[in-house]
Every structure is written in C-alpha cells, then in structure tokens.
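Numbering (this note's numbering), first residue to last: 580 to 893. We treat Cβ as the ideally placed atom computed from N, Cα and C, and that holds for glycine. It should be emphasised that the depicted structure is a prediction, and the values quoted were computed from it without experimental measurement.
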C-alpha cells in the first residue's frame, strides 16, 4: 500500500492520486510486485526499497551514485499495548529515500510518527524540503525514544512496589521484559547516532543553516536517549542482582527453618522409638511412665528449640 502527498502553499498536506514533483510517497508493507513497480517507476535501486523492510537491518545512510538517490534507515520504537501486565517495547527500521523529485518513506507498519505528518500535526513541514523533512522525522524518533524510556521508568517503579509487597515470578518476568526492551533501545539509539554523525561529518545530503541547527537538535535528543537508556539499564541490572540475592537469602532462611524444625521433631520420635522396643527400659514399671516419657521428650525438644531460637535459626 502506498499514498502520495504534497504540501500546498500554506503548508497543509494534501493527498494526490498521481505523483508530482516534490511530493511525498508513503509506502507501508508493500508486496514484492509493488516494490519492483515502485523501483522502476521512480528510478530507485531495488535494495533501497527492500532493506528497510528487513526487521534486522541496521541503521545507515547510503548514496547511490547512478541515480543520486539517498537512503536513510533508522530504527524507531514501537509499543505492544496488548501485553497482559505491562506494555512491551521493541524497534523496527524506517526507510527514507530522497531523490531529485520525490521523498519516499517505507516501513513494515503504519507508524504513529508518519501519521503525525499525515494528520498535519507537525508545524513547519513541507514535502519539497526533503532534508528538513528527514530531519523532522529523525527528531520525532528521538523524542519518541525519550517518551518511551520515561514510561519504562514508571513501569519499573510500579513493579518494584509490587515486589516489596509480594515477590512472585510475574514481577521478575516483567523486569526481564523491560531489560530486554532497554537492550533493543540502546542498540537502536547507538545505530541512529552513527547515522546522525555521518550526516554531520560527510554532508551526504544538502543542508541549509536551519537544517544544520535541526540536525544538532536531533543529535542532542539522541544523546539524551542513549544516556537515559544506559542509566535505566544499569539501575535495572542492579535491581535484578539485588532481587536475586534476596530470593537466595529467603531460600536459605526457609531451608534453615525447615532443617531446625526437622531436628526438633526428631527428638520425640527417637524417644518414642526407644520405648517402643520390647525390652526392659527405665521408668517402665511406673504406671504414668508414658506421661513422663512425653514430658521428657517434649522438654528436650523445647530446650533444643530455645537454643535454635537464641542462635536465630528461626
């Protein structure tokens, strides 16, 4: 599926039926036939359209000398709200292709970032300003990373409160899910940083002074995202290690209690076993011997229990 848009004189986006010069073509989850058709129609290298559809494709910027088309692939965050306990996060690639006449975006999903532009929520947006358009998308991606990182931080705080009340596997699995999301985010942010640094150093795309300022803003936002993700990752790793130690300590306490309790219960059992023998034993001639035996056995067990309690075995 693909849509064609173009900004009018006042900056409002209008949808077109046929491509025009300086228009924007948004492609979502295209078939192989559509990819081949678009590549031929707009004179774009086929791999420029195929690579952004690969979920494992790394962020990069590349220029084709034959067609003078520029490909920018960057990773952006998506959230799964259908998770039973907490939202889970991952990243997927978004491709931006700049040619002399067209600006093309391509992705496997209809992202909220692209929808923000389609619904005219972004100010100062014109389809003929291709470099500015690409930088605005990159800026939106960086801010979305920051927004989701803050949400992860709130989720971590909520899970920590639940763990204080009741330590169950569910909360630990939730923490593991957030830790996994942070790994995805850090990898994506660092890959995007390489693209931004390359744009700053090599000037692969033409930039005006305002574009240069916007690129610097994007780099700052991306750097903040990396720093925030690293801080959250370190905190979460420390929390996981701490809870692992707590679980191990709780296990030791339980085992110590059960061992002590078993030893205490062994005393009456041993005494009763002796007096169950078919031989002559002390106190066997006394009518209330069974009462004395019970008192002695439980007295020894109680004394042993007191010793264990003083030694804080339970």
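For residue 766, the uninterrupted alpha helix (DSSP H) run begins and ends at 748-781, by DSSP. Its chain contains 846 as the residues whose beta carbon lies nearer than 6 angstroms to that of residue 879, once the 5 sequence neighbours on both sides are disregarded; these appear in chain order. In the displayed model, residue 665 falls within coil according to three-state DSSP, outside both helix and strand. Per DSSP, reduced to three states, the secondary structure at residue 706 is coil, with no helix or strand assignment. Three or more beta-carbon pairs separated by less than 8 angstroms link the region 647-659 to the region 618-628, which places the two stretches in contact.
Out of 584, 658, 805, the CA that lies nearest to the CA of residue 704 is found in 584. Taking residue 628 as the centre and dropping the five residues before and after it, the same chain places the C-beta of 614, 617, 618, 685 closer than 7 angstroms to its C-beta, in chain order. Contact between residue 738 and residue 750 holds: CB atoms are separated by about 5 angstroms, below the 8 angstroms threshold. For residue 586, the enclosing beta strand (DSSP E) begins and ends at 581-586. Under the criterion of beta carbons closer than 8 angstroms, residue 771 and residue 801 qualify as touching, at roughly 6 angstroms.
When the Cα atoms are used, residue 587 and residue 720 turn out to be separated by approximately 25 angstroms. Taken atom to atom, the span from the alpha-carbon of residue 806 to that of residue 736 is near 19 angstroms. Ranked by Cα distance from residue 710, the first of 811, 793, 852 is 793. Non-local beta-carbon contacts of residue 581 in its own chain, meaning distances under 8 angstroms to residues more than five positions away in sequence, involve 604, 605, 606, 607, 609, 613, 617 in chain order.
Distance from the CA of residue 718 to the CA of residue 729, rounded to the nearest whole angstrom, comes to 17 angstroms.
Per DSSP, the beta-bridge partners of residue 674 are 652, 685.
Taking all protein chains in view, the Cβ of residue 743 is surrounded by fewer than 16 other Cβ atoms within 10 Å, so the residue is classified as exposed. Between the beta-carbon of residue 875 and that of residue 850 there is about 7 angstroms, and that keeps the pair under the 8 angstroms contact cut. Rounded to whole angstroms, residue 890 and residue 830 show a C-alpha spacing of 18 angstroms.
An exposed status is given to residue 881, since fewer than 16 other beta-carbon atoms sit within 10 Å of its beta-carbon. Judged by DSSP in its simplified three-state form, residue 605 adopts strand.
For residue 625, the enclosing alpha helix (DSSP H) covers residues 625-629.
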